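Residue numbers (numbering that gives the first Met the number 0), protein chains in the order written: chain A, 0 to 304; chain B, 0 to 265.
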Amino acid sequence: MSAPAPAPSAPRASSAGRRLALAIPYVWLLLFFLLPFLIVLKISLSEGTLGAPPYLPLLGRDADGAWRLTLSFAGWSHLLDDDLYRDALIGSLRIAAVSTVLCLLLGYPMAYGIARARGTRRTILLMLVVLPFWTSFLIRVYAWTGILRTNGVLNALLLWLGLIDRPLAILNTDVAVYIGIVYSYLPFMILPLYAALERLDDTLLEAAADLGCRPWQAFLRVTLPLSLPGVIAGSMLVFIPAVGEFVIPELLGGPDTLMIGKVLWTEFAANNDWPLAAALAAALLVVLVLPILLFQHVRRREEGA
Amino acid sequence: MTRRPVLLLSVMAFGYAFLYLPIALMVVLSFNESRLVSVWTGFSLRWYAELFENEALVRAAWLSLRIAVVSATAATVLGTIAGFALSRFGRFGGRWLFVGMIAAPLVMPEVITGISLLLLFVSMEQALGWPAGRGFTTIAIAHTTFCTAYVAVVVQARLAGFDRSLEEAAQDLGAPPAKVFLVITLPLIAPAIVAGWLLAFTLSLDDVVVASFVSGPGATTLPVHVFAGVRRGLSPQVNALATLVVATVTLGILAAALVSRNARRG
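Next comes the structure, spelled out in structure tokens:
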């Protein structure tokens, strides 16, 4: 360790070959990930029309040949005027937040238990968390309709146990949406939590115990703070996609379940109002920018470690 | 510390039951003769027979498989380069943007990805005349884009885990960078590349929302077809289909576990 390392382990990407290699995924993502957002913004400011596609170009020529810029704020003002969209956005944020907390309450003990297990048992427990992810998401969500409907499996079981005397209406309510989101996103919560808890040094807990900490104190003051990056990463992996969730409220939710993903789809597909749908997508993105930045921040710190 | 953590064990048991209850129910119902969920009338394979006679479904499945193979392969190439660049290229201009474009697709709500890609394709068609209409090509491009991020993350994680001394040794012995990558790095990260491909394949095969936005008439993928059926109230053929998927995946994982165990012993 006395001699200074002569070759820097991470040299600057300067050679032409490296530039070329990097350009391939870089350009692809600029073109198909970043550019589309700018186009969403552009079309949210276009005027709607009955043609195909159902919007007019921003920049066009007049009859006398002069260039003219036509901006229309119809989509955005519609978005701000109508309570439906505000309510849908708030509803989505609430449903996603509640589901994220429920996911955390169920996922944390599971990740903790997996991280405490040893050897083959740990591998199997981890595999069992990932396995459902490899089978169709759509069909697994659909299976819940058979469990939750009034003449479904859950009600039959509860009636048979004598816990209720008439079937509960769960399907087509917000409760069913919570169940669906927690069910679908649970693995995304467990995996980062497991990664954080698995790295935890057991000697820290022993030290805490030696110094007179009770187990729950040691948990609150050692385990929980050290697993915080996992908690944040897992929560963002659940919360952000859940806000825009479309399939789960469509299949399990009811007519009262207001979620922005469903509203966006309706404006786009049924009402054919592309400028409004684009404005909704842009607004949703604006709301999610902070959580997305938080997620990026946690991921970058994890990589640095 | 010797107390049995009863609470922890019961939460875990509940969690795993919660994860597997719907899958178990699907498997059981796929063999039920009745079309009703709540009544068991007898063991039958009729839904499997009907599944294979359902031409629209088989056609949709074939389209989905082709799209999944194409986009998983493209995403694996792009994602491997991206993951390698992130972990080995050090600093480069615009790195922060690149990091963002790799991380954001992991959490981006599907409705946003779907509508933004659709609007891009429509604008491109107006401006350049390509892609003409929407179907196989547009779905494959959309899937390649979000799968690239997942492959990059898997490859980057693998590269972060092994030391560079082999690469440096090859470099010191005079191997050009491209050769170092092909002969040393690629074999070392092969398991991550295979895992990335499988992940991308599954994500593509599973996608409903993005495909609903960017597909056109005549290009219905399997999830889009099933979703349309589900909203109409679907026949138990779907349970049969899901059971086949579960069986294939379970067999695949068991086979992979056996192979890796033998490889470790051998």
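From the three backbone atoms N, C-alpha and C, an ideal C-beta is built for every residue, glycine too.
Here the structure is a predicted model, which means the values were calculated and not measured.
Query                                                                                                                                                                           : Result
For Gly-145 of chain A, which residues from the same chain have a beta carbon less than 6 Å from its beta carbon, with the 5 sequence-adjacent residues on both sides left out? : Gly-151
Between Val-26 of chain B and chain A, is there a C-beta pair that is closer than 7 Å?                                                                                          : no
Keeping to the same chain, check which residues put their C-beta closer than 8 Å to that of Val-97 of chain A; ignore five residues upstream and five downstream.               : Tyr-177
Can you give the Cα-Cα distance for Lys-178 of chain B and Ala-20 of chain A, rounded to whole angstroms?                                                                       : 14 Å
Given a limit of 7 Å on CB to CB distance, which residues of the stretch 158-189 of chain A reach chain B?                                                                      : Tyr-182, Leu-185
What do you reckon, are the CB atoms on Pro-21 of chain B and Arg-139 of chain A nearer than 7 Å?                                                                               : yes
Assign Ala-2 of chain A to one of two classes, buried (16 or more other C-beta atoms within 10 Å of its C-beta) or exposed (fewer than that).                                   : Model confidence at Ala-2 of chain A stands at a pLDDT of 44, short of 50, so the residue's coordinates are unreliable; what they give is reported in the following sentence. Ala-2 of chain A comes out exposed.
Would you check if there are 3 or more beta carbon pairs closer than 8 Å linking the stretch 69-80 of chain A to the stretch 278-290 of chain A?                                : yes
From the DSSP output, read off the bridge partner residues of Phe-30 of chain B.                                                                                                : Note: Phe-30 of chain B sits in no beta bridge, so no partner.
In angstroms, rounded to a whole number, what distance separates the CA positions of Thr-172 of chain A and Leu-92 of chain A?                                                  : 17 Å
Any beta-carbon of chain A closer than 7 Å to the one on Met-123 of chain B?                                                                                                    : no
Report the option in A:Pro-52, A:Val-26, A:Leu-292 whose CA atom is closest to the CA atom of Asn-271 of chain A.                                                               : A:Pro-52
Pick out whichever of A:Asp-63, A:Ile-23, A:Thr-119, A:Lys-41 has its Cα sitting closest to the Cα of Pro-56 of chain A.                                                        : A:Lys-41
So, is the C-beta of Thr-1 of chain B closer than 7 Å to a C-beta in chain A?                                                                                                   : In this prediction, Thr-1 of chain B scores a pLDDT of 47, lower than 50, which makes its location untrustworthy; the coordinate-derived value is nonetheless stated afterwards. It does not; no Cβ of chain A falls within 7 Å.
Whose C-beta lies closer than 6 Å to the C-beta of Asn-31 of chain B among residues of the same chain, with five residues either side of it excluded?                           : Trp-39
Distance, Cα to Cα, Tyr-314 of chain A vs Gly-132 of chain B?                                                                                                                   : No answer is possible for residue 314 of chain A: the residues shown for chain A start at 0 and end at 304.
Beta carbons nearer than 7 Å to chain A: which residues of the stretch 52-72 of chain B have them?                                                                              : none
Since Tyr-111 of chain A meets chain B, which of its residues come closer than 8 Å, beta carbon to beta carbon?                                                                 : Leu-7
When you compare each of B:Leu-24, B:Ser-70, B:Arg-90, B:His-224 to Asn-53 of chain B by their alpha carbons, which one comes out closest?                                      : B:His-224
By the 10 Å Cβ neighbour count, where 16 or more other Cβ atoms means buried, how is Leu-117 of chain B classified, buried or exposed?                                          : buried
I'd like the ranges of any alpha helix (DSSP H) spanning at least 4 consecutive residues and lying wholly in the stretch 170-231 of chain A.                                    : 173-197, 201-209, 214-217
In whole angstroms, what is the alpha-carbon distance linking Ala-304 of chain A and Leu-187 of chain B?                                                                        : Note on Ala-304 of chain A: pLDDT 43, under 50, position unreliable in the model; the coordinate value appears next. Approximately 22 Å between the Cα atoms of the pair.
Compare the C-beta of Pro-240 of chain A against all C-beta atoms of chain B and say whether one is closer than 7 Å.                                                            : yes
So does the stretch 120-127 of chain B actually touch the stretch 152-159 of chain B, counting three or more Cβ pairs closer than 8 Å?                                          : no
When you compare the CB of Ala-96 of chain A with every CB in chain B, is at least one pair closer than 7 Å?                                                                    : no
Counting only Cβ pairs nearer than 9 Å, list the residues of chain A close to Glu-109 of chain B.                                                                               : Pro-240, Gly-243, Glu-244, Phe-245, Val-246, Gly-260
Please identify the residue among A:His-296, A:Leu-251, A:Asp-255 whose C-alpha is closest to the C-alpha of Met-235 of chain A.                                                : A:His-296
Against chain B, with Cβ distances strictly below 7 Å, would Arg-298 of chain A count as a contact?                                                                             : yes
Using three-state DSSP, classify Ala-168 of chain A as helix, strand or coil.                                                                                                   : coil
So, under 8 Å CB-CB, Tyr-141 of chain A and Val-207 of chain B are touching, yes? Tell me the CB distance rounded to an integer number of Å.                                    : The Cβ separation is near 11 Å, so there is no contact.
For Thr-122 of chain A, is the classification buried or exposed, using 16 other Cβ atoms within 10 angstroms of its Cβ as the cut-off for buried?                               : exposed
Would you say Thr-220 of chain B reaches chain A, if we count a Cβ-Cβ gap shorter than 7 Å as a contact?                                                                        : no
Between Pro-224 of chain A and chain B, is the shortest Cβ-Cβ distance under 7 Å, so that the two count as touching?                                                            : no
Taking the alpha-carbon positions, what's the Thr-222 of chain A to Ala-159 of chain B distance?                                                                                : 25 Å
Ser-164 of chain B versus chain A: which residues are under 8 Å apart at the beta carbon?                                                                                       : In chain order: nothing, as chain A lies at least about 10 Å away.
Taking only beta-carbon positions, decide if Gly-134 of chain B is within less than 7 Å of chain A.                                                                             : no
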